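There are 2 protein chains.
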Amino acid sequence: MESNTASSDEQRYQVRKLEITDKNKGFMELLQQLTVCDPVTDEEFQERFEELKSYGDDHVICVIEDMNLSKIVATGSVFVEKKFIRNCGKVGHIEDVVVDSSARGMQLGKKVAGFLADHARLTGCYKVILDCSDDNKAFYEKCGFKQKEIQMVKYFI
Amino acid sequence: MESNTASSDEQRYQVRKLEITDKNKGFMELLQQLTVCDPVTDEEFQERFEELKSYGDDHVICVIEDMNLSKIVATGSVFVEKKFIRNCGKVGHIEDVVVDSSARGMQLGKKVAGFLADHARLTGCYKVILDCSDDNKAFYEKCGFKQKEIQMVKYFI
Numbered sequence: 542m543e544s545n546t547a548s549s550d551e552q553r554y555q556v557r558k559l560e561i562t563d564k565n566k567g568f569m570e571l572l573q574q575l576t577v578c579d580p581v582t583d584e585e586f587q588e589r590f591e592e593l594k595s596y597g598d599d600h601v602i603c604v605i606e607d608m609n610l611s612k613i614v615a616t617g618s619v620f621v622e623k624k625f626i627r628n629c630g631k632v633g634h635i636e637d638v639v640v641d642s643s644a645r646g647m648q649l650g651k652k653v654a655g656f657l658a659d660h661a662r663l664t665g666c667y668k669v670i671l672d673c674s675d676d677n678k679a680f681y682e683k684c685g686f687k688q689k690e691i692q693m694v695k696y697f698i
Numbered sequence: 542m543e544s545n546t547a548s549s550d551e552q553r554y555q556v557r558k559l560e561i562t563d564k565n566k567g568f569m570e571l572l573q574q575l576t577v578c579d580p581v582t583d584e585e586f587q588e589r590f591e592e593l594k595s596y597g598d599d600h601v602i603c604v605i606e607d608m609n610l611s612k613i614v615a616t617g618s619v620f621v622e623k624k625f626i627r628n629c630g631k632v633g634h635i636e637d638v639v640v641d642s643s644a645r646g647m648q649l650g651k652k653v654a655g656f657l658a659d660h661a662r663l664t665g666c667y668k669v670i671l672d673c674s675d676d677n678k679a680f681y682e683k684c685g686f687k688q689k690e691i692q693m694v695k696y697f698i
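Residue numbers (this note's numbering), protein chains in the order written: chain A, 542 to 698; chain B, 542 to 698.
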């Protein structure tokens, strides 16, 4: 009964935009699996949440909630950069994609990347880009991305 | 008289933020040396210029004007992305760096990259990143950058 499993998975793992209450559903702990992410206070979280929300469609954070556990198990963000090139074109930048270590192998990362790429396309971006490690290249190829350039970085702290 | 040359170069090549009148100083033609950049109307330019200006320090375009020719000969942009990771940290993204083909070899690209990286640092970013071709890797290494990841892209048009 594969179709029932798929349907029950869809009910269990709900894809949506970040809500302010997601701080209590493990959103920050999930980000800790990605990189350095110290705890922040409720006030700091709210301030950043509202700042990002004020950008409207120009900055969107996608989450997947495991409804059985009331826990955020995948996330990623996209922001829309406005340019002069390409007829005053727009580019989507995908950042901070991570799937909870306990929820891998269920295509949740692909769903997040698809949600973010769709958002970029629907807001009129001519392309969407992201930086990733060599290890994640094959994953993003399955999501329809191709390698183009290299990423350079300069740290201040 | 090397110091006089340096000083006269500094007077000739002025580094500053983009102004709306730069459309008449070859700013769009300079971007055409970077990528596809069809001409835009004055109204389209003004609209995008004001939209970007409304972001304040979160989106800055640097230009270098050749004062002898009243011509924009180098440019690059940086925008500040706000995150939840790294204590609600910020990251600068450098984009669209180009130096006029007639003005290369005078460290103008390095000045633009320096201006943009300084801006990111001064607005509190913990790092600044950019994507470039393998051919430009050595240039950005001279500007203090190191290679980190790979860039993936998905085009919509």
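For every residue, glycine included, the Cβ atom is placed at its ideal position computed from N, Cα and C.
The model shown is predicted, which means the values in this text are computed figures rather than measured ones.
Please list, in chain order, the chain B residues whose beta carbon lies closer than 9 Å to that of residue i.
{"i": "Q648/A", "result": "By Cβ distance, chain B contributes nothing, its closest Cβ being about 17 Å from Q648/A, past 9 Å."}
{"i": "T576/A", "result": "I626 and R627"}
{"i": "C666/A", "result": "F697"}
{"i": "K687/A", "result": "M693, V694, K695 and Y696"}
With distances taken from CA atoms, which of the options is nearest residue i?
{"i": "L649/A", "options": "D672/A, C578/A, H660/A and T616/A", "result": "T616/A"}
{"i": "I635/B", "options": "R627/B, F620/B and A644/B", "result": "F620/B"}
{"i": "Q552/B", "options": "C578/B, K558/B, E606/B and L571/B", "result": "E606/B"}
{"i": "S618/B", "options": "E585/B, T562/B, N677/B and L572/B", "result": "L572/B"}
{"i": "I561/A", "options": "E592/A, T576/A and D550/A", "result": "E592/A"}
{"i": "A661/B", "options": "G597/A, K558/A and K695/A", "result": "K695/A"}
{"i": "S674/B", "options": "F680/A, K689/A and E682/A", "result": "K689/A"}
{"i": "F680/A", "options": "D659/A, A644/A, K651/A and N565/A", "result": "K651/A"}
{"i": "A644/A", "options": "A658/A, L663/A, N677/A and M608/A", "result": "M608/A"}
{"i": "D599/A", "options": "S549/A, K564/A and K558/A", "result": "K558/A"}
{"i": "D583/A", "options": "S595/A, K564/A, A658/A and E682/A", "result": "K564/A"}
{"i": "L610/B", "options": "E682/B, T576/B, Y554/B and E588/B", "result": "Y554/B"}
Do residue j and residue i come within 7 Å of each other at the CB atom, strictly closer than that value?
{"i": "V669/A", "j": "G646/A", "result": "no"}
{"i": "C578/B", "j": "I626/A", "result": "yes"}
{"i": "K612/A", "j": "G567/A", "result": "yes"}
{"i": "F697/A", "j": "Y667/B", "result": "yes"}
{"i": "E585/B", "j": "C684/A", "result": "no"}
Which whole-angstrom value is the C-beta distance of residue i and residue j, which I expect to be below 8 Å?
{"i": "V653/B", "j": "V638/B", "result": "6 Å"}
{"i": "V556/B", "j": "F656/B", "result": "6 Å"}
Only counting the same chain, and skipping five residues up and downstream in sequence, which positions put a Cβ closer than 6 Å to that of residue i?
{"i": "Q692/B", "result": "D672"}
{"i": "K687/A", "result": "none"}
{"i": "A658/B", "result": "V669"}
I want to verify the contact list: residues of chain A whose CB lies under 7 Å from the CB of residue i, in sequence order.
{"i": "A658/B", "result": "K695"}
{"i": "V718/B", "result": "For chain B, the structure presents residues 542 to 698; residue 718/B sits outside this window and is missing."}
{"i": "R662/B", "result": "F697"}
{"i": "E690/B", "result": "D672, C673, S674 and Q692"}
Can you name the residues of chain B whose CB is closer than 7 Å to the CB of residue i?
{"i": "C629/A", "result": "V581, E585 and R589"}
{"i": "Q555/A", "result": "Here the premise fails: no neighbours, minimum Cβ distance about 20 Å."}
I'd like the list of long-range same chain contacts for residue i, defined as Cβ closer than 7 Å, with 5 residues on each side in sequence excluded.
{"i": "G665/A", "result": "K631"}
{"i": "G597/B", "result": "none"}
{"i": "E622/B", "result": "K631, V632 and H634"}
{"i": "K678/B", "result": "Q688"}
Using a Cβ-Cβ cut-off of 8 Å (strictly less than) and excluding sequence neighbours within five positions of residue i, which residues of its own chain qualify?
{"i": "M569/B", "result": "C578, P580, V581 and F586"}
{"i": "Q574/B", "result": "V639, D641 and S642"}
{"i": "L663/A", "result": "none"}
{"i": "E543/B", "result": "Residue confidence for E543/B is low, a pLDDT of 49 falling below 50, so the modelled location carries little weight; the figure read from the coordinates is stated next. For E543/B, where only same-chain residues beyond five positions count, there are no Cβ hits under 8 Å."}
Whose Cβ in chain A lies nearer than 9 Å to the Cβ of residue i?
{"i": "K566/B", "result": "The premise fails here: K566/B is roughly 14 Å from chain A at the closest Cβ pair, so nothing lies under 9 Å."}
{"i": "D637/B", "result": "K624, F625 and I626"}
{"i": "M608/B", "result": "Within chain A, no residue comes near M608/B; the closest Cβ sits about 22 Å away, beyond 9 Å."}
In chain B, what lies closer than 8 Å to residue i by C-beta?
{"i": "K678/A", "result": "I691 and M693"}
{"i": "E592/A", "result": "K623"}
{"i": "L572/A", "result": "F625 and I626"}
Residue i CB to nearest chain C CB: under 7 Å?
{"i": "G597/A", "result": "Protein chains in the displayed structure are A and B, and chain C is not among them."}
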